[in-house]
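Remarks on the structure that follows.
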């Protein structure tokens with residue numbers, strides 16, 4: 001009788017769970033693939049008077065944003081929290097469609113590029129690093145399922161996390177907790193970076209993914225990225241000038257608008273927001 005009651009309870013729980021799963025599976029994605037033909041992605045990205053308003057909140061995240069990043073170039077995006085930096089990253093990976101203006105990839109409107117080819121050509125490291133309850137090796141191989149152990153180790157070295165991993169008892173076979181709680185914030189970010197670069201994509205998007213690492217490790221990672229990103233379009237979103245100073249182009253956002261843009265030296269000479277931020281962060285570094 002006790003077993004029957006237990007089984008009956010499990011069946012009812014499973015039925016309720018399945019209903020919720022079915023509701024989720026029936027949802028039609030808002031972003032649809034408009035081009036069934038294969039698209040070859042080279043990596044030139046252009047924003048032309050792009051504006052975006054979030055439907056649920058009516059917050060205008062971006063207003064008349066225009067810039068171009070050519071294949072092989074690095075763009076850094078700086079700005080205060082809520083200035084629209086992450087929205088640009090989401091629009092490039094087409095998690096949303098623009099409200100006004102247009103985005104082109106290699107001269108083709110982004111909505112006319114094959115959605116799956118576009119996303120397969122992008123390696124993204126989100127702000128909130130998400131890791132699975134699996135081995136470190138499999139978390140890195142999520143970016144490239146057929147990667148060899150040598151490729152996994154090379155990616156980890158470029159992300160400056162290899163030495164941390166070999167310090168664990170089971171090294172790359174260490175099982176992580178849910179969402180990677182076994183690791184520190186900086187280690188999670190670096191494993192996420194390794195997962196993105198092992199994919200060897202045409203476009204790399206780093207959304208404030210170095211915020212939890214110290215400045216020395218950050219500099220080592222950026223130096224490694226410079227070597228492996230020579231033929232890749234790279235976009236780095238950050239709060240730190242140290243992440244942006246070597247980029248080919250830098251744009252500064254404030255309340256969804258571009259208030260400054262140029263190279264590191266150009267922006268320093270302008271003596272505006274970027275120059276003030278650079279001096280502030282330089283003095284903070286010297287005080288440490």
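In the working numbering, the protein residues as written are 1 to 288. Note that beta-carbon positions come from the ideal geometry of N, C-alpha and C, so glycine has one too.
Taking C-beta to C-beta, are residue i and residue j nearer than 9 Å?
| i | j | result |
| --- | --- | --- |
| residue 39 | residue 237 | no |
| residue 74 | residue 235 | yes |
| residue 135 | residue 175 | yes |
| residue 210 | residue 243 | yes |
| residue 190 | residue 164 | yes |
| residue 229 | residue 204 | yes |
| residue 122 | residue 151 | no |
| residue 149 | residue 137 | yes |
| residue 266 | residue 252 | no |
| residue 250 | residue 21 | no |
| residue 264 | residue 276 | no |
| residue 88 | residue 110 | no |
Less than 7 Å between C-beta atoms, sequence neighbours within five positions excluded: which residues of the same chain meet that for residue i?
| i | result |
| --- | --- |
| residue 42 | 71, 106, 202 |
| residue 278 | 241, 268 |
| residue 231 | 72 |
| residue 173 | 135, 137 |
If you compare alpha carbons, which of the options is closest to residue i?
| i | options | result |
| --- | --- | --- |
| residue 62 | 164, 274, 258 | 258 |
| residue 65 | 190, 4, 255 | 255 |
| residue 200 | 169, 245, 239, 141 | 141 |
| residue 274 | 79, 16, 24, 57 | 79 |
| residue 59 | 83, 37, 113 | 83 |
| residue 281 | 245, 229, 129 | 245 |
| residue 119 | 94, 29, 206 | 94 |
| residue 114 | 253, 3, 34 | 34 |
| residue 178 | 215, 2, 129, 224 | 129 |
| residue 98 | 30, 188, 15 | 30 |
| residue 224 | 10, 9, 154 | 154 |
| residue 117 | 162, 37, 171, 57 | 37 |
Quick one: residues in its chain with C-beta nearer than 8 Å to the C-beta of residue i, no 5 flanking neighbours on either side, listed in chain order?
| i | result |
| --- | --- |
| residue 208 | 85, 86, 127, 237, 238, 239 |
| residue 139 | 131, 132, 176, 180, 191, 195 |
| residue 218 | 210, 240, 242, 243 |
| residue 108 | 39 |
| residue 8 | none |
Sorted by chain position, which residues of the same chain lie with C-beta nearer than 6 Å to residue i's C-beta, five sequence neighbours on each side aside?
| i | result |
| --- | --- |
| residue 49 | 64, 66, 101 |
| residue 69 | 45, 75, 233 |
| residue 221 | 160 |
| residue 90 | 96 |
| residue 125 | 192, 193, 196, 206, 209 |
| residue 2 | none |
| residue 32 | none |
| residue 182 | 176 |
Using the rule of at least 16 other Cβ atoms within 10 Å of the residue's Cβ for burial, across every protein chain shown, is residue i buried or exposed?
| i | result |
| --- | --- |
| residue 186 | buried |
| residue 145 | exposed |
| residue 19 | exposed |
| residue 5 | exposed |
| residue 47 | buried |
| residue 24 | exposed |
| residue 143 | buried |
| residue 271 | exposed |
| residue 227 | exposed |
| residue 54 | exposed |
| residue 112 | exposed |
| residue 52 | buried |
| residue 103 | buried |
| residue 147 | buried |
Kindly say whether residue i, judged by its beta-carbon, lies nearer than 9 Å to any beta-carbon of chain D.
| i | result |
| --- | --- |
| residue 10 | The structure shown contains no chain D; it is built from a single protein chain. |
* Secondary structure, alpha helix (DSSP H): runs of 4+ residues fully inside the stretch 80-106 -> 85-92
* **Length-filtered (3 minimum) beta strand (DSSP E) runs lying within the stretch 170-218** => Listed in chain order, they are 203-207.
* **Secondary structure, alpha helix (DSSP H): runs of 4+ residues fully inside the stretch 130-175** => Counting only runs of 4 or more, we get 136-141, 149-158, 162-165.
* **Runs of beta strand (DSSP E) wholly within the stretch 217-247 (minimum 3 residues, chain order)** => 233-238
* What are the start and end residues of each continuous alpha helix (DSSP H) run of 4 or more residues lying completely inside the stretch 249-280, in chain order? -> Runs of the alpha helix (DSSP H) inside the stretch 249-280: 264-270.
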